[in-house]
Amino acid sequence: MDRFHLKAPQSEDTADVLFALEVEPKAGLSSSEAKQRLSVCGANEMQSRPRAEILSILLHQFQSPAVILLAIAVVVALALREWEEGVSIIVVLVINAVIGFATEFKAIRSIEAIRALASRSSRVLRDGEVCVIQAKELVPGDIVLLDAGDVIPADLRLIETANLEADESTLTGESVQIGKTTTPVRADARLADRTSIAFQGTNIVHGTGVGVVVATGTNTELGRISKLVADAKTETSPLEKKLARLSGQLIWLTLVLATLTAGLGLLQGKDPFLMIEAAIALAVAAIPEGLPIVATLALARGMWRMAQKNALVERLAAVETLGATTVILTDKTGTLTENRMTVQRIWLPSGEVRLATNSFGSSEGSNVIPPGAAAEIQEALEVAVLCNNATLSDVVGGDSGDPMELALLRAGRMAGLDRHRLLHDNAEVSELAFNIERKMMATIHRHEGDYIVAVKGAPEAVLSSVILDEPMRREWLARAAALGAQGLRVLGLAKKTARCGADFSFDASTFLGLVGLDDPPRPDVPAAIGACRDAGIRVIMVTGDHAATARSIAGQVGLGGETPRITAGTQLTRHNGSIDTELLKSDIFARVSPTEKLELVRLFQASGQIVAMTGDGVNDAPALRQADIGVAMGLRGTDVAREAAAMILLDDAFPTIVEAIRNGRVIFDNIRRFAIYLLSCNLAEVLTVGIAMISGLPLPLLPIQILFLNLVTDVFPAFALAMGEGDRDVLKRPPRSPKEPLLGRAQWIEISLHGAFLTMATFGALAAARYGLLLSETETVTVAFLTLAFSQLWHVFNMRDRRSSAVDNDVSRNPWLWAALALCAGIILVSVYSPYFARMLHVSPPGADAWVVISTMSVLPLIGGPLIARLSVWLKRYGRQPRSQMSPDAAPL
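Residue 216 in the numbering used here is what sits at position 216 of the sequence shown, and the numbering runs on without skipping anything.
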């Protein structure tokens, strides 16, 4: 490693640095040399967050307040010599911990694997060719190519720069963009003053450059700092906070109920040991031990399912927000289109030329080009090839760079123009990188004693800087609009000869013509936009392209109807803080700058919309961060955009956003569904024990039986509900309000009614067994226990969407659910007919008459499910107060 360690590369000349690192800047390292250095220096990786250790995951299972409360119940039971109850609670805690451990372990490893999918890559020179490698494979001496939007992958000594500026606030804390040059600085210069170094983890915000790697991994400046930084805490999503708050509320409720029950019983002169046993039973019944476990599973599986659909969710909070999305602001290129550009038209002063597969021809379709066009084609394409940063490769899949620039290189190749040969004859001196305000870029080349300035950019920007009279300028603008109306992306090309290489001025250039590039719409986009329309989600195109191009693509994908409303980006302004509602009715926003994108997101949010925003450039980062769901492009997006986003599209496809929204809705529905299921089951257990104690009846359920029910009939069906694929019509509903709680008034009414029905079924079976069949106390408790157990199993079918069929619905189509029901039914039967387990649970095998009672009473809650749905809706309406007198959706979590 010492061989490649440079003490102060910022103070050394570039030639000395390259010599010390034994690398040729035009060829880079050889593959074999890079491999050897990687084995010596190690991977270019930071001291990342350590993988969750098995012991810490296991201990986490015993840290919840619910577990602590049950542990207290164990101590009380053992102190009273209630050995079976105490040991049973311990066994349940251990089983619960094992299930929780397995679930959390799988979830954490799945999330770690998902995030590994988004590993960064870098463009480097290896063996004389530009190639793309994983950033972790960089070694000292690698030649790295930099462009705006890149996150710098290692500490680099800059050897070429073109208007290069970096945001180093993550390293130095200074928000001012730092201009970068190749000029050496003092060896003791502060980090912020080392302008000849590009530091790992900082962002290129402007310009282009080339640097040689001088430090990797923990040897970089950021690596040294990372050793001093404590590991960040694991993110807690709003949903997890809601569930934690719910668990805390249930614990306090449990303590109050247990205290009241024991107190009332003692006042009535009942056996203190019986009262303590009842209090333990209530404590066990009120706590849904499986709730946090199943929630973890649902979120992790949802994230993994999204990743399989090419949507990488970086933040758990985004899972919740996705289902509430009301507006998607999507860019055009690569999202609605295939990002597979080809040059279709070149409009020259002598006329329009079309490009076929391997030839040029007239716009009418003949193979004869207009007179004088051959020389004009050659000159225009020379500028397109020179003013370019992409690289064509002879190897399939080896091309690198912007798709538009690659298309220009392919068109130049058709004309016999090779970029390497052109650069040999016209050595590049410097570059004026593309600027979003300027909308142009230029490269300056030395040619036979003079300098050539090659310019390309937006037609209106290029035409404003060239030598043309006003009528001709308007005519060219009309031609650009005509190309745009055909759905083509349009570029203007210009050129000028200068006597001085320092002449960066665009003015007084000679206009060479227009290039029309075709980027066909993705074939699956129209159906996805239709799905959004059915889901109540507006899709709005936000593009930097010409309005005519945007209108053509919108028409092809079905966005905005026959006459979409188009607004120019310059109109996105606030007027005294008011919102222009007419402006927000637009279907297309064209010629929009990144600043205007940010303003557009804010305008929609201010109008109450939940906004998903797509972006790929460094300047899109503020809008992505401002949006409720920032969606970055995984293939063509910059590192800065990906870091600012909540979700990354691994395929850059618009339909993936729609699929992610669907999954977001399904995840929220699943979590709400199993929360209702678990709480209604636990409420039934609490009511059964509480009512029996208050009314003086024998205890119908023992603590050990309740623990058994919570472990078997609660957890496994809840797991199955969390694995559900969702209702087929989930995207045909309007978006839910983001203010809608997980459990609002309607859900609490439903929980209460379901819990009451389950309780009535249990007491009905208890009464039938005791007073109808005249069974013994043990046999009566067995009937009550089995009735509640099986009624909870059948109750899972009440969790279906009420808008779906009673037979064919999202619950009945869930194979995991049928497997869970079969498993639970088998365990229940074994527990009754196995002498060992029957003795432990204080039950006995029921006779035929008892099974008739159990079967009849256990299905009553299922039969009453539709009635409960109607009744809960009626109660919600009946109890609703005028809006001015009520708070939003009572009792939110």
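Built from N, CA and C at the ideal position, the CB exists for glycine as well.
These figures come from a predicted structure and were not determined experimentally.
{"Check": "Pull up the CB-CB distance for GLY726 and ASP810, whole angstroms please, since I reckon it's below 8 Å.", "Outcome": "6 Å"}
{"Check": "Would ALA508 pass as a contact of LYS495 if the rule is Cβ separation under 8 Å?", "Outcome": "no"}
{"Check": "Work out the CA separation of GLU448 and LEU422 for me, nearest whole Å.", "Outcome": "13 Å"}
{"Check": "Let me confirm a value: GLU475 is counted as buried when at least 16 other C-beta atoms fall within 10 Å, else exposed. Which label applies?", "Outcome": "exposed"}
{"Check": "Could you work out which residue in ILE671, SER695, PRO700 is closest to ALA684 when comparing CA atoms only?", "Outcome": "PRO700"}
{"Check": "By a C-beta neighbour count over all protein chains shown, 10 Å radius and 16 as the cutoff for buried, is PRO9 buried or exposed?", "Outcome": "buried"}
{"Check": "Per DSSP, what kind of secondary structure is PRO846 in: helix, strand or coil?", "Outcome": "coil"}
{"Check": "Alpha carbon to alpha carbon, what distance is there between ASP616 and ALA232?", "Outcome": "Residue placement at ALA232 cannot be trusted, given a pLDDT of 36 that sits under 50; the coordinates are not used to answer."}
{"Check": "Apart from the five residues just before and just after ARG194, which ones in its own chain have a Cβ nearer than 8 Å to its Cβ?", "Outcome": "GLN10, VAL185"}
{"Check": "Looking only at its chain, what residues have a beta carbon closer than 6 Å to the beta carbon of THR759, apart from the 5 residues adjacent to it on each side?", "Outcome": "ALA684, LEU687, THR688"}
{"Check": "Where does ALA442 sit, in a helix, a strand or coil, going by DSSP?", "Outcome": "strand"}
{"Check": "As an exercise, report each continuous alpha helix (DSSP H) stretch of at least 4 residues that is fully enclosed by the region 782-828, in chain order.", "Outcome": "none"}
{"Check": "Would VAL23 and ILE197 qualify as a contact pair, given that the criterion is a beta-carbon distance under 8 Å?", "Outcome": "no"}
{"Check": "Report the rounded CA-to-CA distance for ARG354 versus GLY484, giving the unit in angstroms.", "Outcome": "15 Å"}
{"Check": "Tell me, please, whether the region 380-389 touches the region 411-428 by the rule of three or more beta-carbon pairs shorter than 8 Å.", "Outcome": "yes"}
{"Check": "Who are the near neighbours of LEU117 in its chain, counting only those whose CB is closer than 8 Å to its CB and skipping five residues on each side?", "Outcome": "For LEU117, the predicted model reports a pLDDT of 47, less than 50, meaning its position is unreliable and no value from the coordinates is stated."}
{"Check": "Just to confirm before moving on: does the CB-CB distance between ALA554 and ILE588 stay below 8 Å?", "Outcome": "yes"}
{"Check": "Could you check where the alpha helix (DSSP H) with MET414 kicks off and where it finishes?", "Outcome": "403-414"}
{"Check": "Taking 6 Å as the limit between beta carbons, can you name the residues of its chain near ILE178, skipping five residues before and five after?", "Outcome": "ALA166, GLU168"}
{"Check": "Note down the Cα distance separating LEU297 from THR713, rounded to an integer number of angstroms.", "Outcome": "17 Å"}
{"Check": "Tell whether a beta-carbon distance below 8 Å holds between ILE133 and VAL124.", "Outcome": "yes"}
{"Check": "Does PRO521 come out as helix, strand or coil in the three-state DSSP assignment?", "Outcome": "strand"}
{"Check": "Can you say whether HIS5 is buried or exposed, counting buried as having 16 or more other CB atoms within 10 angstroms of its CB?", "Outcome": "exposed"}
{"Check": "Can you check which of these residues, VAL213, CYS131, ILE346, is closest to ILE152 by C-alpha distance?", "Outcome": "VAL213"}
{"Check": "Considering just the uninterrupted stretch of the beta strand (DSSP E) at THR330, what are its terminal residues?", "Outcome": "327-330"}
{"Check": "Contact check, GLY492 vs GLY457 under 8 Å by CB: the rounded distance?", "Outcome": "6 Å"}
{"Check": "Hey, out of GLY561, SER30, ALA162, whose CA is closest to ARG126's CA?", "Outcome": "SER30"}
{"Check": "In the structure shown, what three-state DSSP assignment does LYS35 receive?", "Outcome": "helix"}
{"Check": "What does the alpha-carbon distance come out to for the pair ALA318 and ILE629?", "Outcome": "7 Å"}
{"Check": "Across which residues does DSSP place PHE360 in a beta bridge pair?", "Outcome": "LEU355"}
{"Check": "By how many angstroms is the C-alpha of VAL807 removed from the C-alpha of GLY201?", "Outcome": "55 Å"}
{"Check": "Out of THR183, LEU164, ASP729, ALA300, which has the shortest C-alpha to C-alpha gap to ALA15?", "Outcome": "THR183"}
{"Check": "In angstroms, rounded to a whole number, what distance separates the CA positions of ALA621 and MET613?", "Outcome": "10 Å"}
{"Check": "Does DSSP put HIS754 in a helix, a strand or coil?", "Outcome": "helix"}
{"Check": "Could you say if the region 819-837 and the region 724-744 meet the contact criterion of at least three C-beta pairs nearer than 8 Å?", "Outcome": "no"}
{"Check": "Measuring only between beta-carbons, confirm whether THR321 sits less than 8 Å from chain B.", "Outcome": "Structure shown: chain B not included; a single protein chain is present."}
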